[in-house]
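What follows is a set of notes on a single structure, which appears directly below.
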Amino acid sequence: MSFLLRKGLSSAAIGVGRKLLLTTALALPILASPIVAQAKTIRAVMHSDLRVIDPIITTAYITRDHGYMVYDTLLAIDADFRIRPQMADWKVSDDKLIYTFTLRDGLKWHDGTPVTAEDCVASLKRWGARDGMGQKLMEFTASIEATDARTITLKLREPYGLVLDAIAKPSSAVPFMMPKRLAETPPDKAIPEQIGSGPFKFVQADFQPGVRAVYEKNKDYVPRSEPPSWLAGGKVVKVDRVEWITMPDPQTATNALQSGDIDFIEAPQADILPVLEADKDLKLRILNSLGYQTLGRMNFLYPPFDNIKVRRAALLALNQKDVLDALIGNPKYYKICGAIFGCDTPLATQVGSETLVRGNGMEAARKLLAESGYDGTPVVLLAPGDVYALKAQPIVAAQLLRAAGFKVNVVATDWQTVVTLRASQKPPKDGGWNLFFTNWVGADILNPIAHVTLNGKGRSGGWFGWPDDPKMEELRDAFVRATTLDEQKAIATAIQQRNFDQVTYIPLGQFSVPSVWRNDLTGVLDGPATPVFWNIDKIAD
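According to numbering that gives the first Met the number 0, the sequence shown holds residues 0 to 540 in order.
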């Protein structure tokens with residue numbers, strides 16, 4: 000990846016009843032513990048509530064964010080897109096076949112035991128079995144072992160230029176390190192406890208899925224000496240406690256932020272941004288300059304989308320502008336762009352995306368659907384209503400698909416249920432699905448290996464939807480063996496064309512979401528996987 004990258008809660012506003020509920024939800028945990036009442040605490044409303052807490056078993060960003068609180072990584076990427084040591088430094092042999100990683104001093108798991116190379120080897124293997132970029136690395140790996148308590152030795156079958164990029168991968172799924180006893184959990188089964196070596200400890204006793212997640216400062220954590228930069232450098236924790244409070248209603252969250260009952264909102268709803276921008280007590284900033292790509296993913300295993308003509312008809316029916324207008328509204332925060340590797344990046348091209356960008360494919364969609372043999376099988380479309388950045392896409396898509404001649408069954412649910420359901424390979428009639436929508440941060444789509452949605456391994460290792468596409472895998476292998484940027488660009492263009500030919504997934508444009516926080520928070524960091532809560536300080540009340 001680096002080779003490419005270097006180029007006041009108002010009762011008048013929400014009512015006495017709502018204020019009482021909110022005050023109770025925020026105050027009860029404090030009253031129960033006088034020690035917590037004296038602690039320096041950040042209360043944040045994240046983009047989603049946290050339910051799945053194994054950061055390897057899902058690509059959900061709220062789980063990734065949880066991972067950065069609890070776990071640490073061997074390497075990290077800084078704001079200049081350079082790969083930096085985090086838990087370990089490294090050396091590479093002259094023939095580029097042996098990578099040796101040496102753990103730094105002072106690393107402990109949250110249970111007090113030392114971090115060992117064996118723990119890290121097991122963690123890399125578990126991640127490598129699950130993550131698309133990890134899988135590709137493991138295909139080129141001859142062996143990975145602990146040669147002593149602090150040394151990890153990775154030997155390749157042939158030179159592979161993305162070794163460090165993979166291990167420094169900043170977003171889902173991140174190669175987080177965990178104790179061997181947890182890392183040996185099968186990658187499709189959730190780990191039984193949350194023990195990491197990261198800057199915060201997860202407070203399991205206070206975890207209420209759908210209500211709140213709580214983290215306390217890891218007092219044994221030894222930060223690196225370098226200043227923080229994106230996900231690299233010193234992770235210095237300056238508060239005692241961080242609470243993620245679930246408030247699915249955006250107006251309630253806004254009122255709570257303005258009154259000081261909470262301190263931070265990760266992703267305020269777009270139509271509330273003017274109010275937040277005008278409040279002198281708040282700061283509003285885009286923390287992830289790479290932004291997001293929103294996309295649709297079909298299930299290749301079952302009708303109707305096991306039929307390539309039906310998939311192509313659906314692609315023709317959709318367009319980016321309708322989705323982005325409904326999702327964001329303000330063109331200041333979105334961009335119509337058919338590049339599957341992101342707009343304005345080294346691999347960007349518009350090949351194959353013409354109807355999505357121009358919005359002129361509906362007539363062709365109707366014609367192709369009629370020719371496809373489509374028999375009226377309903378499209379089971381998952382529609383989460385609790386995350387604003389995921390609410391509009393299924394509603395707009397359902398309308399456009401119906402206009403093209405599809406029957407659509409919209410299943411209203413919440414995002415964490417979608418995260419669970421999309422992993423199911425059951426037929427739609429038995430509780431499965433045909434289509435869902437999600438968002439990728441820019442860091443997750445920058446090249447064909449990081450871009451897990453392009454994985455063509457089918458049921459045996461593909462991402463949700465499970466396209467079985469050996470040709471796509473051949474192209475991805477060719478990409479990692481390419482030795483120049485021009486070669487990579489040519490292969491990436493072929494991969495994008497293949498994506499639209501097979502309708503591997505449907506890119507629906509890019510957008511940015513600013514975060515907002517009270518002025519008494521300082522040190523909020525930018526990055527490709529935000530927010531992070533180290534380096535943030537809070538002025539005492």
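Using N, Cα and C, we set each Cβ at its ideal position, and we do this for glycine too.
Q | the segment 492–504 / the segment 512–531 touching (three or more Cβ pairs under 8 Å) | A | The segment 492–504, when compared against the segment 512–531, does not touch it at the 8 Å Cβ threshold.
Q: Alpha carbon to alpha carbon, how far is THR437 from VAL322? Give it in angstroms, no decimals.
A: C-alpha of VAL322 to C-alpha of THR437: approximately 12 Å in a straight line.
Q) Do TRP516 and PHE263 come within 7 Å of each other at the CB atom, strictly closer than that value? A) Closer than 7 Å, so yes.
Q) Nearest-angstrom Cα distance between ASP94 and LEU155? A) About 10 Å.
Q. What did DSSP end up calling PRO469 once you bin it into helix, strand or coil?
A. helix
Q: Can you grab the Cα-Cα spacing for the pair ARG296 / GLY460, in whole Å?
A: 16 Å
Q | Three-way DSSP call (helix, strand, coil) for GLU370 in this model | A | helix
Q) Which of the three DSSP states, helix, strand or coil, is assigned to ALA231? A) In this structure, ALA231 counts as strand in the three-state DSSP scheme.
Q. For the beta strand (DSSP E) that GLU215 lies in, which residues bound it at each end?
A. 211–216
Q) Comparing alpha-carbon positions, which option in ILE494, VAL120 and GLN85 lies nearest VAL350? A) When each option's Cα is compared against that of VAL350, the closest is ILE494.
Q: Check whether the segment 428–436 touches the segment 373–388, counting contact only when three or more Cβ pairs, one atom from each stretch, lie closer than 8 Å.
A: Verdict: yes, contact present.
(Q) Using C-beta distances below 6 Å, list every residue in its chain close to GLN415, excluding the 5 sequence neighbours before and after it, in chain order. (A) ARG50
**Q.** Distance between PRO169 and MET132 (C-alpha atoms, nearest Å)
**A.** 11 Å
Q: Quick one: grab the DSSP three-state call for TRP533.
A: coil
Q.
Does ARG357 come out as helix, strand or coil in the three-state DSSP assignment?
A. Per DSSP, reduced to three states, the secondary structure at ARG357 is helical.
(Q) Assuming contact is defined by CB atoms lying nearer than 7 Å, are ALA231 and ALA75 in contact in what I supplied? (A) yes
(Q) Just checking: is the beta-carbon of TYR291 within a distance shorter than 7 Å of some beta-carbon in chain B? (A) Absent from the structure is chain B; it holds one protein chain and no more.
Q | Residue range of the unbroken alpha helix (DSSP H) whose run includes LEU272 | A | 272–276
(Q) Extract the residue ranges of the beta strand (DSSP E) inside the segment 436–511, only unbroken runs of 3 or more that lie entirely within it. (A) 505–510
Q) In three-state DSSP terms, what is ASN408? A) strand
Q. For TRP108, which of helix, strand or coil comes out of DSSP?
A. coil
Q) Thinking C-beta only, is ASN518 closer than 7 Å to ASP280? A) yes
Q: Please look up how many angstroms separate the CB atoms of GLY233 and ARG240, rounded, as I've assumed it's under 8 Å.
A: Not confirmed; about 20 Å, so no contact.
(Q) Check whether the segment 323–333 and the segment 269–285 touch, using three or more Cβ-Cβ pairs below 8 Å as the test. (A) yes
Q. The alpha helix (DSSP H) spanning PRO393 covers which residue range?
A. 387–403
Q.
Whole angstroms are fine: how far does the CA of LEU453 sit from the CA of THR521?
A. 39 Å
Q.
Assuming PRO249 is part of the alpha helix (DSSP H), what are its boundary residues?
A. 249–258
Q.
If I follow the unbroken beta strand (DSSP E) through THR419, where does it start and stop?
A. No beta strand (DSSP E) holds THR419; the alpha helix (DSSP H) holding it covers 414–420.
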